[in-house]
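Take a look at the structure set out below.
Numbering (my numbering), first residue to last: 33 to 464.
This is how it looks when you write it as structure tokens:
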């Protein structure tokens with residue numbers, strides 16, 4: 033047995049035979065790191081072969097990896113990899129698996145994966161036990177004789193539930209066949225996956241109402257940006273102005289893709305994410321950390337919104353790798369986002385809200401973006417290119433300049449309409 037095979041025999045692979053371990057060792061490459069090195073999460077599946085690794089969040093240790101622990105997309109901390117970092121406490125060796133070769137090895141030894149999953153389940157159970165013990169000790173230390181339950185009124189009926197119960201456990205999944213997308217709790221919008229720590233009144237929201245519609249559209253927007261990132265990380269899209277029935281994508285970099293083809297791919301990828309029912313997550317972090325994350329993904333315009341914030345922390349939301357500032361609460365998962373379509377209109381792309389049929393959606397307006405683009409041209413002329421830039425204008429006392437430009441735009445548009453009426457053949461012409 034080779035050294036790497038022997039190291040691999042610990043943890044989640046401890047139930048495998050020497051033959052299976054030898055084959056697995058052929059699917060991985062071994063990386064070495066020195067103590068105090070920072071590690072990056074890699075795609076796929078990785079196993080700590082030797083040494084110890086600390087899991088950090090904002091420089092605070094929240095967990096540890098021991099030899100035999102799997103991590104990455106397939107293992108521990110996979111969902112949180114954008115919010116945590118890894119630091120080697122000792123010299124370590126990490127096995128990085130080639131996904132194609134690993135899949136072939138699993139196909140050759142199908143029963144082996146069951147034993148691996150069983151061990152992984154036990155490993156997760158041990159981590160959860162440690163976490164729950166720590167939380168219980170902290171709760172007893174700080175709460176003393178405080179109440180451990182809250183009273184929540186839903187549809188006129190008061191319910192007594194454990195503190196930390198998610199709101200989704202108290203509300204219906206749908207109302208008259210329309211999915212519940214979010215809720216009002218004490219007249220404040222919150223996501224369905226938020227745990228409750230105070231008593232109050234909860235009301236479900238569907239996309240049929242004004243507030244629910246806003247939450248539904250915001251969730252679709254983040255889903256679209258994440259889908260584009262999945263297709264090609266080089267693609268740079270922004271959600272542009274609302275046209276009432278659709279959002280106009282602002283394309284900064286299409287990365288060599290054809291608009292019509294990209295629209296089809298984007299629509300299909302969003303449908304795939306809905307079928308996967310990807311989870312929307314909410315994460316609090318400091319302002320400085322939020323700025324770093326947004327800059328790393330190329331969202332400098334979003335950083336402008338945080339420049340004058342008086343809060344010490346900010347909530348970021350995600351449904352994959354990209355993170356966005358939470359403006360409104362989003363849906364708990366993508367499974368209920370079933371009414372939309374992405375379609376190309378010439379060299380433009382639109383995200384339609386209420387239709388799943390692309391041809392039907394395109395018939396609603398043959399030239400939906402003309403007015404929005406005219407607005408953009410005028411505003412871009414004074415450097416107003418984003419909501420963050422608008423925020424800077426307001427703070428720096430440039431509001432009067434925005435008003436003058438807006439008035440000039442409308443006066444120009446009125447004169448253009450008058451010219452169109454005058455030049456129209458064989459019609460009654462009345463221009464006031």
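Positions of the beta carbon are idealized from the N, C-alpha and C atoms, including for glycine. Source: prediction; values computed, not measured.
Residue 305 is classed as buried because its beta carbon has at least 16 other beta carbons within 10 Å across all chains shown.
The three-state reading of DSSP puts residue 416 in coil, since its state is none of H, G, I, E or B. The beta-carbon separation of residue 81 and residue 126, rounded to 6 Å, stays under the 8 Å limit for a contact. Residue state for residue 231 is assigned as coil, using DSSP reduced to three classes. Note on geometry: alpha-carbon atoms of residue 421 and residue 334 lie some 9 Å from one another. A buried status is given to residue 238, since no fewer than 16 other beta-carbon atoms sit within 10 Å of its beta-carbon. Each residue's CA atom was taken as its position, placing residue 98 and residue 84 some 5 Å apart. As the crow flies, the alpha-carbon of residue 191 is around 6 Å from that of residue 183. One alpha carbon belongs to residue 314, the other to residue 227, and they sit about 12 Å apart. A Cβ-Cβ contact shorter than 7 Å links residue 119 with residue 70. In chain order, 334, 337, 346, 348 place their CB closer than 7 Å to the CB of residue 357, counting only its own chain and leaving out the 5 sequence neighbours on each side. Its Cα nearest to that of residue 373, the residue 259 stands out among 208, 58, 259, 212. Of 307, 385, 320, 377, the smallest CA-CA separation from residue 365 is found for 307. Per DSSP, the beta bridge partners of residue 60 are 129. Residue 235 and residue 245 have their alpha carbons spaced roughly 15 Å apart.
In the same chain as residue 360, and ignoring 5 residues on each side of it, the C-beta atoms closer than 7 Å to its own belong to 221, 246, 247, 250, in chain order. Between the C-alpha atoms of residue 416 and residue 425 there is a straight-line separation of about 8 Å. Within the region 283-325, the runs of beta strand (DSSP E) that reach at least 3 residues and sit entirely inside it are, in chain order, 313-318.
Sequence-distant partners of residue 323 (beyond 5 residues in either direction) whose C-beta falls short of 7 Å from its own C-beta, in its chain, are 335, 338. Beta bridge pairing from DSSP links residue 376 with 381. For residue 215, the CB contacts under 7 Å within the same chain, skipping 5 residues up- and downstream, are 199, 203, 222, 224, 234, 235, 236, 237 in chain order. A Cβ-Cβ distance of about 33 Å is found for the pair residue 278 and residue 319, leaving them out of contact under the 8 Å criterion.
Taking C-beta atoms as the reference points, residue 369 and residue 252 count as a pair closer than 7 Å. With fewer than 16 other CB atoms across the displayed protein chains lying within 10 angstroms of its CB, residue 452 is exposed. In the three-state DSSP reduction, residue 191 falls in the strand class (E or B).
Judged by DSSP secondary structure, residue 270 falls within the beta strand (DSSP E) whose first and last residues are 268-274.
Between residue 63 and residue 128, the CB-CB gap stays under 7 Å. The C-beta distance from residue 79 to residue 100 rounds to 7 Å, short enough to meet the 8 Å contact threshold. Taking the Cα of residue 273 as reference, the smallest distance to any Cα among 293, 267, 283, 264 is reached at 283. For residue 263, the closest of 289, 281, 438, 241 by C-alpha to C-alpha distance is 289. Checking the DSSP bridge columns, you'll see residue 220 partnered with 217. Counting only the Cα atoms, residue 93 lies some 23 Å from residue 196.
When secondary structure is reduced to three states using DSSP, residue 68 falls in the coil class, being assigned neither helix nor strand. In this structure, the straight-line span from the alpha carbon of residue 123 to that of residue 68 is close to 8 Å. Assigned with DSSP and collapsed to three states, residue 364 falls in coil, not helix or strand.
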